[in-house]
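Here's the structure, in structure tokens; my notes come after.
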Amino acid sequence: MNTTPPALLARDIHKTYGSNQVLRGVSLRVEPGQILGLLGRNGAGKSTFITIACSLRRADSGSVTICGVDPTQNNVGELIGYAPQELGIYPDLTVAQNLGYFGRLHGLGRRAAKVRSEEVMEMLGLTEKAGQSAKHLSGGQQRRLHAGMAIMHRPKLIFMDEPTVGADVEARSQILDTVRRLAEQGAAVVYTSHYLAEFEELGADVAVLNQGRLVAQGSLEQIVATYGQVPVQVHVPQADLHSAYLQILKESDAEGLAPEAPETVPAPQENSPKENENEAA
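Residue 1 is where the sequence shown starts when you use UniProt numbering, and the numbers rise one by one after that.
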């Protein structure tokens, strides 16, 4: 009997900002090794849900556990990796220093942080850029570095909020390969994107948020079979998932949900580290 707790278990999460009900009873379960694609319009509640699941913001009601741990009673920071939409790199530090700093921040020793930095750079195709300042990287390379910083401490639950937005083809491919590799190693990944083809490439399960409610959830095949316009294939064409997604939104809109309001989520603030090469590397 498998007694491993889910990486993420959210029950009946509600969150309101003023008169705007951003989340309305969202319940979600993500298992170790699972990739979950979180879909929804802008303002659907995706970022709010992620910040609550990451313990960066409290829900008005409901509960969250991370790998069986209650974040309101225990520190779960070492269990979670979070790459938000906004880049969080330090431009004057090198690639290796950025990674090393985050490894040290999460408790890795200097040697362990160096070894892990090399592993992450290899995964994301950044080894040749190790000594280059982050501000001199291309946009796609910065995206890869940003994702790498979130996984330095080998978290068991990883949130990637639109990690490929603005990324070039090479960066996108490296990020998707890394997500698959992390899942193969047993990490759970919650991944948001507006590029529907990415969910097929990742073999992700899908959960759809609309106006703060979870309106559909299942494997790609289940979603397309229920809402798509053509029979399910072993490899789901992008057009089928696109059609299914639009149908989900149409049906949930017709159920009388209140008009959606813009989602307002203040960005978490970070203090810049001192630019000390020996300490960061």
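Using N, Cα and C, we set each Cβ at its ideal position, and we do this for glycine too.
Keep in mind that this is a model prediction, so the values were computed, not measured.
In the same chain as P71, and ignoring 5 residues on each side of it, the C-beta atoms closer than 7 Å to its own belong to S55 and V64, in chain order.
For L137 against L124, the beta-carbon gap comes to about 11 Å, at or over 8 Å, which does not count as contact. Nearest in C-alpha terms to F199, of all of E170, T164, Y227 and C67, is T164.
Cβ contact annotation for Q85 (same chain, cutoff 8 Å, sequence separation greater than five): S47, D161, E162 and V165, in chain order. Counting C-beta pairs with one atom in each stretch, the stretch 178–196 and the stretch 127–135 have fewer than three that are closer than 8 Å, which means they do not touch.
Across the set N75, N42, G81 and L157, the C-alpha of L157 shows the shortest separation from the C-alpha of Q34. Boundaries cannot be given for T127, as no beta strand (DSSP E) includes it and DSSP labels it neither H nor E.
The beta-carbon separation of L214 and L28, rounded to 7 Å, stays under the 8 Å limit for a contact. In the three-state scheme derived from DSSP, where H, G and I count as helix and E and B as strand, D205 is classed as strand. Residue environment for Q21: buried (at least 16 other C-beta atoms within 10 angstroms of its C-beta). Along the length of the stretch 113–176, whole beta strand (DSSP E) runs at least 3 residues long occupy 157–161, reported in chain order. Nearest C-alpha to A44 among T4, T192 and I89: T192. Q85: not part of any alpha helix (DSSP H); DSSP gives it neither H nor E. In this structure, I66 sits near L79, with a CB-CB distance shorter than 8 Å. Following the DSSP letters along the chain, one finds G218 inside the beta strand (DSSP E) bounded by residues R213 to S219.
Nearest to M149 by alpha-carbon distance, out of G109, G103, E184 and A59, is G103.
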